[in-house]
Structures are given as C-alpha cells and as structure tokens.
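Residue numbers (my numbering): 223 to 501.
Structure first, commentary second.
See the structure below:
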C-alpha cells in the first residue's frame, strides 16, 4: 500500500536513480592519508577509473539508463578523459568535494574552498557546472547546507532521513535545497570494500556473498515499488566494476527495466521535477 503522496511522471509506481561515486584513490587518501606511500592501497582506488568505469558505462548503455556520477574535483583533474567520456555517454556530473574531504571535519571557510575548487575543476573538465552534491562519507554541517544553497546547488544526495525527496529547512523555514536520501543497503561499498593494511573495515570481515547482495537490492526495490518511493542506488567502479560483480549491476538494471511503470531519472531530473511539483 503506497505511503507516498508524490505523483511521479506518467503515473509511475516509483522512481529510481542510479548514482556512481567515482572516488578513485581519493577515497583511500581521505581515510588514510599515509596511503600516498602505499602503492597497493592506491591501486585499489585506481582500479575504478582504469578498469571498472568502462564496465559500468557499458552496463548503463546496455539498459539505456542515465546516471549521476559524483566526482571529486581532484579525480577530474587526474582523469579528465574519463570524465569527458562519462558526459559523452549522457550522464550527469555531480560534486563530491575537491579531494573527497570529510566536510564534517572542516570549518565553513574550508568547506567553501573545497566546494569552489571542486566546482572549478569539474566545470573545466566536464563543460557543465554541477547542480548536485554528495558529501564525501556523508558527513556535513549546517554550514555545508547554507553554502550549497548560496552557491546555487539544486540538491544534495547525502543524508539518510527519508526514502523520498524533501526540502531542507533552515530555522524552521523551507529552503530551496532538495535532499535525495540514501541508505547503506543500496550502496555496494559496505558489502565489498576491503583492505588488510590499513584495515578497512576496521574490524575486518567483509566481501559479502554476491547472490545475497543482489537479493537485498532487488527486495528493497520491490518495497520501494510497493510504497511508491524513490530508490537511490550507489555504486563505485572500484568495487562494482570487477569482472564478477559487474554482473550484479547488470542484473539489477535488468530487474529495474522489467517494469514499465518505474520512472528512471538522474539526480538533476528528480530535483527539477520535485522542485516544481512540491515547492
């Protein structure tokens, strides 16, 4: 039984947005700065643009899905041809910090600098100015939200407090900034990211069963469909782009495409729709 009063385009039963976090080596560098001296650890992140990204792009092409790629500015500087290929294939570029900084640990001025530098790099490389932001590690402050609105961002996709879009509030008043909420179970990284030294996760014990993970993603989609919600999936090419795991993404996209009454949209399309229809 639907518990959502949003009427999706074409009376779709639910909405689906596929997002890709192209963190490359900057995930590891932001978590473990001494990884700059650890070629093995860096190589895990570098696998994303070097090998995994092409497989992800091909899977999205195969099922005709326009995704949103959240990219740190430094990654765009190091891999400009990869970012341009993403744009050429018809996908949106979103802001993911400058060097995948944890915004929850930065002052407002440090956040402003990271946002401005990231915007400059992403716009220069991609030819488009991002309108969506995803906080690295999901952490940010009220100051982050204020800066995003000040800088003209349409939306954030960083927080976990709902399963449908909503407007952020400031001092009890609705702002123009929209949130497209996330959930850990729709993210490949908690299931598959692993490193011995430095240890990630800290308690070790991961790399989940592939069949069970795919079942989790499908069962969640069934629930979102039943309740009329907005399913936001997150993937990183360094984890989903291996020869075995890319089949999980392909099977999930095929499962999404099996229903004609699902609205598939990127982040910008959802934010523009919601901003007009729910303002």
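Where is the CB? At the ideal position from N, CA and C, for every residue including glycine.
None of the values given here were measured: they were computed from a predicted structure.
Contact under 9 Å by Cβ, residue i with residue j
i: residue 298; j: residue 251; result: no
i: residue 393; j: residue 232; result: no
i: residue 397; j: residue 434; result: no
i: residue 436; j: residue 404; result: no
i: residue 415; j: residue 439; result: no
Nearest neighbour of residue i, chosen from the options [CA to CA]
i: residue 373; options: 351, 471, 362 and 391; result: 351
i: residue 269; options: 475, 484, 459 and 469; result: 459
i: residue 319; options: 433, 450, 469 and 362; result: 362
i: residue 385; options: 450, 395 and 301; result: 450
i: residue 359; options: 228, 229 and 249; result: 249
i: residue 399; options: 366, 277 and 406; result: 366
Unbroken beta strand (DSSP E) run spanning residue i, endpoints
i: residue 232; result: Unbroken run through residue 232: none, as it is neither H nor E.
i: residue 390; result: 388-392
i: residue 455; result: 452-457
i: residue 265; result: No beta strand (DSSP E) holds residue 265; the alpha helix (DSSP H) holding it covers 261-269.
Exposed unless 16 or more other CB atoms sit within 10 angstroms - verdict on residue i
i: residue 364; result: exposed
i: residue 409; result: buried
i: residue 465; result: exposed
i: residue 429; result: exposed
i: residue 418; result: Annotation note: pLDDT 43 at residue 418 (below 50); position unreliable, no value reported.
i: residue 310; result: exposed
i: residue 492; result: buried
i: residue 240; result: buried
i: residue 247; result: buried
i: residue 452; result: buried
Boundaries (first-last residue) of the alpha helix (DSSP H) holding residue i
i: residue 449; result: 432-449
i: residue 366; result: 364-372
i: residue 348; result: 330-348
i: residue 304; result: 302-310
i: residue 466; result: Here residue 466 belongs to no alpha helix (DSSP H), and DSSP marks it neither H nor E.
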